[in-house]
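Chains as they are written, first to last, in the numbering used here: chain L, 334 to 732; chain W, 334 to 732. Yeah, the Cβ is synthetic: ideal placement off N, Cα and C, and Gly gets one too. This report refers to the structure that appears directly beneath it.
Number of protein chains: 2
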Amino acid sequence: MEKNYSEKLPQGFSLATVGAGFKYQNRPDLALTFSSTPAACAGVFTTNIFQAAPVLIARDNLKKSSTVRAILVNAGQANACTGDKGIANCLKTLEIAADKLQIDYREILPASTGVIGDHLKMHLFEKNISLLVENLGRSKGEDAARAIMTTDTFPKTAQTEVELEKGKVRFWGMAKGAGMICPNMSTMLGFILTDLKVNRLCWQELIAQAVDQSFNALTIDGDTSTNDCVLAMANGESGVESSGQKDIQMLEGALNKICSDLSYQIVKDAEGGTKVLQVCVQGAADKAQAKLAASTVGNSPLVKTAMYGQDPNWGRIIAALGRSGAEFDPNKVKVSLAGVEIFSFGHPVDMDRDTVFASLLKDSDIKIEIDLGKGSGSFRLLASDFTEEYIKINAHYRT
Amino acid sequence: MEKNYSEKLPQGFSLATVGAGFKYQNRPDLALTFSSTPAACAGVFTTNIFQAAPVLIARDNLKKSSTVRAILVNAGQANACTGDKGIANCLKTLEIAADKLQIDYREILPASTGVIGDHLKMHLFEKNISLLVENLGRSKGEDAARAIMTTDTFPKTAQTEVELEKGKVRFWGMAKGAGMICPNMSTMLGFILTDLKVNRLCWQELIAQAVDQSFNALTIDGDTSTNDCVLAMANGESGVESSGQKDIQMLEGALNKICSDLSYQIVKDAEGGTKVLQVCVQGAADKAQAKLAASTVGNSPLVKTAMYGQDPNWGRIIAALGRSGAEFDPNKVKVSLAGVEIFSFGHPVDMDRDTVFASLLKDSDIKIEIDLGKGSGSFRLLASDFTEEYIKINAHYRT
């Protein structure tokens with residue numbers, strides 16, 4: 334994915350990367366985000382019962398410290414299911430980094446991505462931390478986005494700026510994730526930076542609603558990882574704070590834009606994926622039922638393989654809806670594929686499917702629209718297709 | 334799969350097949366099972382909201398008629414989501430067959446498997462029904478099992494006999510299904526015949542419990558079809574009925590044997606599958622939670638691809654358990670793979686995984702044992718792995 338913008342980080346942030354060699358050679362795999370002033374920080378974390386050491390510690394630090402100065406991310410070892418030693422290792426990395434940065438370790442939030450169960454290679458961390466801190470300001474956003482990749486094939490960044498009543502503020506974000514992805518996140522890491530001046534509670538609320546509509550509304554394979562998180566720092570360096578309802582709406586819009594952009598890139602980069610499926614459910618009893626229906630369709634291996642095969646096999650969409658658990662009358666259901674109504678009120682629409690869809694399903698973006706004809710609940714989910722390449726990547730990832 | 338037995342149908346049953354050409358050429362695709370005397374019949378049907386015409390009519394006939402004489406099955410068109418015309422077509426096949434067999438149409442149960450949304454090719458049915466009825470008694474069980482196949486690669490049959498207090502009774506069964514398979518069944522058709530003398534209520538109960546532990550405890554891709562059913566006829570031709578608790582246990586054992594055997598064959602024949610995964614969960618709060626945990630692990634594309642890749646990547650099993658929704662303390666969980674404990678009380682077991690598992694994971698049958706350390710709920714699920722071949726088959730099935 335080519336970026337068609339010149340990168341502008343929000344004021345007061347600097348980035349650093351280094352190739353520590355945790356797992357990958359000849360590429361950066363350790364990234365540091367640093368704010369020159371204390372920032373309000375919001376966090377949204379995985380709902381998996383097994384939570385990786387960096388997730389537990391990031392949550393804890395957010396409780397202990399009202400502001401945050403840095404985010405430290407490594408790729409290669411997830412430091413998940415690593416017990417007390419994993420916790421001790423993670424804390425030690427923060428202490429070492431804090432010492433170099435001359436801040437409190439509780440002002441640093443850790444994140445890790447990689448193989449579950451492997452311990453962090455501490456000697457490589459210790460060997461590279463000085464260089465990492467020295468590098469602050471030398472790395473571009475795209476470098477940092479590249480350093481946090483695992484099976485990703487391209488770095489994922491997004492930015493925007495908004496003109497509030499009192500002035501301009503910038504937003505920048507990066508994310509990684511290309512598999513083990515599902516609503517409620519997964520080996521999905523997202524980082525948002527802004528120079529907006531905002532109090533912590535309001536910031537957490539803004540981030541939570543943006544994540545809900547973006548990172549929590551995508552699926553690649555239905556799996557949710559032990560390491561997911563979205564961390565968002567607002568350091569106030571612009572001096573601009575929101576005033577009034579219109580500003581809040583502008584901020585919501587900017588965050589939705591960044592998060593949706595990054596989410597789209599994640600699904601676009603789905604392991605082995607060739608298509609982004611947009612599953613839009615409306616007419617459900619409520620939003621939860623709409624999400625249930627959309628998730629069942631978006632996670633169905635048969636729907637995903639049909640879309641990969643460019644096969645207008647609406648029967649698989651119908652079969653997935655029917656087992657989703659969402660309540661509806663089968664005779665009121667309508668389904669459109671790539672903009673063409675193919676199933677209407679319990680019956681297939683009479684047409685020569687192969688002719689109608691021959692070119693439509695070649696697109697890399699396919700819209701599946703479902704109306705359950707029951708209520709006003711709606712949900713939009715991004716999903717990937719399933720390909721031979723997905724199998725290859727995941728059958729042989731660890732070894 | 335080679336059969337190592339000489340086939341013995343229960344007394345009073347005869348089978349017929351014909352190649353009608355509904356979809357497949359040069360093979361039978363229409364099968365008739367006929368009992369010389371009225372049989373008690375039990376049925377278990379798909380829970381999908383969209384139910385195919387033959388499912389709706391089979392349910393209805395079971396309500397209208399206390400006994401059943403025949404089962405009529407076609408492969409090629411599923412006659413699902415085909416509206417009123419689908420219902421009319423299905424009823425017409427029964428009326429034509431009933432006329433030839435000189436029985437009431439409500440004594441025939443229909444079943445269909447194939448592409449959803451396609452109408453039954455009535456002219457082919459009409460053209461071939463006389464020959465089908467003439468063929469009664471000329472087909473072996475394996476022929477019938479072959480006639481109901483779609484993407485199956487081998488016919489699935491099983492048989493057993495038991496010596497009850499008052500004499501010997503025989504059981505024979507056949508099944509089809511190789512994809513769109515999930516707990517609560519799927520394009521899974523199963524047919525059980527016996528010459529046991531039994532009343533309908535007792536028979537339904539015996540079948541329901543056997544199905545629950547077998548056909549409802551397997552998953553290939555998590556999808557449940559619109560056409561699933563298990564139909565079971567008991568015609569009493571042996572003259573033997575059960576007397577006492579010991580006989581009931583023998584009958585339960587025989588039915589579990591038949592249903593488990595057929596279920597295993599279905600997973601063995603999973604589309605593109607190379608392995609049968611046996612996911613055994615114990616120590617759950619209750620059976621429902623055990624099933625939830627087992628299903629999440631057995632349906633996880635990441636677990637399925639790891640097993641295909643012979644990769645002892647227990648982290649994916651743990652990640653699936655953690656998002657399953659089952660309640661447990663992560664520090665009490667134990668996981669064994671192929672008989673080797675690999676995760677214990679929240680920690681990976683220290684070992685050289687690649688050496689330990691090098692040959693173990695080459696087996697075509699892999700056991701995943703999970704102890705959640707919470708209660709006494711347990712569940713055993715059969716699952717397939719995910720391969721490039723699965724993708725190929727399902728990306729290009731319809732066209």
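Can you tell which of the options has the C-alpha that lies nearest to the C-alpha of residue i?
i, options, result
"K597 (chain W)", "W:D561, W:K356 and W:L714", "According to the sequence displayed, residue 597 (chain W) carries Tyr and not Lys. Of the candidates W:D561, W:K356 and W:L714, the one whose C-alpha sits nearest the C-alpha of Y597 (chain W) is W:L714."
"I726 (chain L)", "W:T720, W:G606 and W:Q358", "W:T720"
"C562 (chain W)", "W:A716, W:P443, W:P371 and W:E459", "W:P443"
"E475 (chain W)", "W:T486, W:A375, W:T490 and W:T527", "W:T490"
"A413 (chain W)", "W:R439, W:I382, W:T400 and W:L434", "W:I382"
"A411 (chain W)", "W:I404, W:S399, W:K601 and W:V448", "W:V448"
"G498 (chain L)", "L:S571, L:E604, L:N632 and L:L539", "Strictly speaking, residue 498 (chain L) in this sequence is Glu, with Gly absent from that position. The shortest Cα separation from E498 (chain L) among L:S571, L:E604, L:N632 and L:L539 belongs to L:S571."
"R533 (chain W)", "W:Q435, W:W505, W:L564 and W:A508", "W:L564"
"L464 (chain L)", "L:K454, L:A430 and L:C535", "L:A430"
"T527 (chain L)", "L:S575, L:Y357, L:T486 and L:Q546", "L:S575"
"S547 (chain L)", "L:D644, L:G500 and L:V600", "L:V600"
"S709 (chain W)", "W:L395, W:G419, W:Q615 and W:D644", "W:Q615"
"Y438 (chain L)", "L:R402, L:I540 and L:A385", "L:R402"
"I404 (chain L)", "L:K460, L:V388 and L:G679", "L:V388"
"A421 (chain L)", "L:V573, L:S368 and L:A385", "L:A385"
"D619 (chain L)", "L:S711, L:F346, L:L595 and L:N359", "L:S711"
"V689 (chain W)", "W:D451, W:D698 and W:E674", "W:E674"
"S347 (chain W)", "W:K501, W:S368 and W:L635", "W:S368"
"A587 (chain L)", "L:S398, L:R479 and L:T493", "L:T493"
"E538 (chain L)", "L:A375, L:I650 and L:F504", "L:A375"
"G679 (chain W)", "W:V666, W:D687, W:G672 and W:R503", "W:V666"
State buried or exposed for residue i, treating a residue as buried only when at least 16 other CB atoms are found within 10 Å of its CB.
i, result
"E428 (chain W)", "exposed"
"T483 (chain W)", "buried"
"P343 (chain L)", "buried"
"L529 (chain W)", "buried"
"D662 (chain L)", "exposed"
"A608 (chain L)", "Per the sequence shown, residue 608 (chain L) should be read as Lys rather than Ala. It is buried - the Cβ of K608 (chain L) has at least 16 other Cβ atoms within 10 Å."
"T350 (chain L)", "buried"
"M640 (chain L)", "buried"
"Q435 (chain W)", "exposed"
"Q582 (chain W)", "exposed"
"A716 (chain W)", "buried"
"M521 (chain L)", "buried"
"N664 (chain L)", "exposed"
"T638 (chain L)", "buried"
"K707 (chain L)", "buried"
"Q578 (chain L)", "exposed"
"T370 (chain L)", "exposed"
"T307 (chain L)", "Nothing about residue 307 (chain L) can be read from this structure; chain L reaches only from 334 to 732."
"A621 (chain L)", "exposed"
"G506 (chain W)", "buried"
"A691 (chain L)", "exposed"
"G450 (chain W)", "buried"
Going by DSSP, name the residue or residues bridged to residue i.
i, result
"I525 (chain L)", "L:G506 and L:A565"
"V377 (chain W)", "W:V563"
"Q615 (chain W)", "W:D704"
"N407 (chain W)", "W:L363 and W:S445"
"K530 (chain W)", "W:E574"
"S347 (chain W)", "W:F367"
"L714 (chain W)", "W:V612"
"V401 (chain W)", "W:A372"
"L551 (chain W)", "W:L715"
Whole-angstrom Cβ separation of residue i and residue j, contact assumed at under 8 Å?
i, j, result
"A372 (chain L)", "A567 (chain L)", "6 Å"
"A659 (chain L)", "L705 (chain L)", "7 Å"
"A603 (chain L)", "G642 (chain W)", "No, A603 (chain L) and G642 (chain W) are not in contact; Cβ-Cβ is about 18 Å, not under 8 Å."
"F355 (chain L)", "N407 (chain L)", "6 Å"
"T629 (chain W)", "S669 (chain W)", "Their Cβ separation, rounded to whole angstroms, is 18 Å, which puts T629 (chain W) and S669 (chain W) out of contact at 8 Å."
"S426 (chain W)", "F458 (chain W)", "Before going on, a small fix: residue 426 (chain W) reads as Thr here, not Ser. The Cβ separation is near 5 Å, so the contact holds."
"N743 (chain W)", "A543 (chain W)", "No answer is possible for residue 743 (chain W): the residues shown for chain W start at 334 and end at 732."
"L610 (chain L)", "I703 (chain L)", "12 Å between Cβ atoms; not a contact."
"E722 (chain L)", "G631 (chain L)", "Not really, about 19 Å apart at Cβ, beyond 8 Å."
Cβ of residue i within 6 Å of any heavy atom in the ligand MN?
i, result
"E722 (chain L)", "No copy of the ligand MN appears in this structure; indeed no ligand is present at all."
Alpha helix (DSSP H) segments (min. 4 residues) lying fully within the segment 666 to 711 of chain L: 686 to 690
Uninterrupted alpha helix (DSSP H) stretches inside the segment 417 to 500 of chain L (no shorter than 4 residues): Listed in chain order, they are 455 to 467 and 474 to 480.
Alpha helix (DSSP H) segments (min. 4 residues) lying fully within the segment 582 to 662 of chain L: Counting whole runs of 4 or more residues, the segment 582 to 662 of chain L contains the alpha helix (DSSP H) stretches 620 to 632, 634 to 641 and 647 to 656.
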